[in-house]
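Line order of the protein sequences matches chains A and B.
In terms of our numbering, the first sequence is residues 145 to 407.
In terms of our numbering, the second sequence is residues 461 to 571.
The C-beta atom is built at its ideal place from N, Cα and C for all residues, glycine as well.
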Amino acid sequence: MPHGESWFSLLPFHARFMAFARNFGKPFNEDGLTWYAHEHPGVQHIYAALFVLGLLAIIGVITDTSIRDARGDLVPPSKLTIRNFVELLVGTCFRMMSDIMGAKAARHFLPLVGTCAFFILFSNALGLIPGFLPPTSNFNTTLACGLVIFVTTHIYGLKTNGWNHIKHFFGPVIGWPWVLLMILMFLIETISHIARPLSLGIRLMANMTADHLVLTIFLGLVPFLVPLPMYILGAVVVVVQALVFSLLSTAYIGLAIQEAEHH
Amino acid sequence: MNKTWLRFVAFCAPLLTTATVFAQEGAASNANDVGKFAALAAGLGVGIAAAGCGLGQGRAAAAALEGIARNPGASDKLFTPMILGLALIESLAIYALVVSILLLGKIPAGG
């Protein structure tokens, strides 16, 4: 399978969708190539992301319908079912978020960060299957996740703290004698805030791309048993990167909404 | 002529003659030069980043291991912060990897 292709190329509408995507990009760049890598834009990550979202929806529906009675179904079944798996993941997410943000805010933001965690975990894991490309190995997907967290941070920061949220950009001291310091701190804080979604996106994208590249190289060299350590490392990286993304986004949201207490 | 002056002249003579030879080579096209330096930078960038990342992660893992050695019961509580710290330190080396991949695109084919 050539680089950049996956099993989704076998879909019947793939050729038409690819032609549509290439024509769609034409007004934005002269020759249809992307501006950051000068290659033709691919659509494999779109298919894979939609597949993962459909999978998450199906899992959500199955879990929801398996809990019919709030009293009788309180005890989980003893085997590994989808409900157990989802409860485990959601419970872990909630516990980690409460450690950072407190239980009330964690309950409020659990849908957002939990969805990010699930989506990134399943997307990363999709790349471990031979022949599939992880949608998070494309900067578009990860930047989208990072931008959603960025917008959430600022909207909830403004909603909770109002003017104090912007006052924190200006640094420790505010007043006319320190105008130069305020301007400098504003620049530094703005760059630091812009670097957050970029770093979230680039970290995830580069980890997944490097992982996929290493696996491709090893599978091309010796397909039999040698890639096994790389697969184990890949599995570890998949879980760790989902964990890091969720924890960092929780920390950013927690920082934005907690400023009211420490004055 | 004393020996010091003779040695000084003997040292300077190759420098003065080779300058003309290099001047001829410097008139070559610019794209190959960018490609050469881009290839050099791509390799060195990731190498230096990997060295720094190795040092940093070594310190993080050493601190976690020392904590586990002092208190083996705390190994579960130490595991998650250690993995988080390792991933964050590694992400710095990965930023360098991204820059290297972008630089690899600047090397002209066959250059």
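- Non-local beta-carbon contacts of Leu363/A in its own chain, meaning distances under 6 Å to residues more than five positions away in sequence, involve Pro371 in chain order.
- Closest option to Leu224/A, judged by alpha-carbon separation, among Ser390/A, Pro278/A, Leu270/A and Thr207/A: Thr207/A.
- Neighbourhood of Leu391/A in chain B, by CB distance below 8 Å: Leu544, in chain order.
- Its Cα nearest to that of Pro341/A, the residue Ser393/A stands out among Ser393/A, Arg239/A and Val234/A.
- Residue burial annotation: Pro278/A is buried, with at least 16 other C-beta atoms found within 10 angstroms of its C-beta.
- In this structure, Ser390/A is the residue among Ile264/A, Ala350/A and Ser390/A with its C-alpha nearest to the C-alpha of Thr236/A.
- Look at Ile346/A: its C-beta is under 7 Å from a C-beta on chain B.
- From the listed residues Glu550/B, Ala499/B and Ala473/B, the smallest Cα separation to Ala569/B is found for Ala499/B.
- Between Ala556/B and Gly505/B, the C-beta spacing is below 7 Å.
- Taking 7 Å as the threshold, the shortest C-beta distance from Val257/A to chain B does not fall below it.
- Of the residues Ala379/A, Ile346/A, Leu272/A and Phe253/A, the one whose Cα lies closest to the Cα of Thr285/A is Ile346/A.
- Contact between Ala165/A and Val187/A holds: CB atoms are separated by about 5 Å, below the 8 Å threshold.
- If you draw a straight line from the Cα of Pro220/A to the Cα of Leu200/A, it comes to about 20 Å.
- Here DSSP, grouped into helix, strand and coil, assigns Leu155/A to coil.
- Residues of the stretch 274-296 of chain A that bring their beta carbon within less than 7 Å of a beta carbon in chain B are absent altogether.
- For Ser551/B, the nearest beta carbon of chain A is closer than 7 Å to its own beta carbon.
- Between the alpha carbons of Cys472/B and Asn462/B lies a gap of roughly 16 Å.
- Contact between Val388/A and Leu548/B holds: CB atoms are separated by about 7 Å, below the 8 Å threshold.
- Put simply, the backbone Cα of Arg530/B is about 48 Å away from that of Leu194/A.
- Less than 7 Å divides the Cβ of Asn351/A from the Cβ of Val381/A.
- Just so you know, the alpha carbons of Ala379/A and Ile264/A end up roughly 13 Å apart.
- Within the same chain, Cβ atoms closer than 7 Å to the Cβ of Glu231/A are found at Pro220, the five residues on either side in sequence being excluded.
- The alpha-carbon separation between Ala247/A and Arg239/A amounts to approximately 8 Å.
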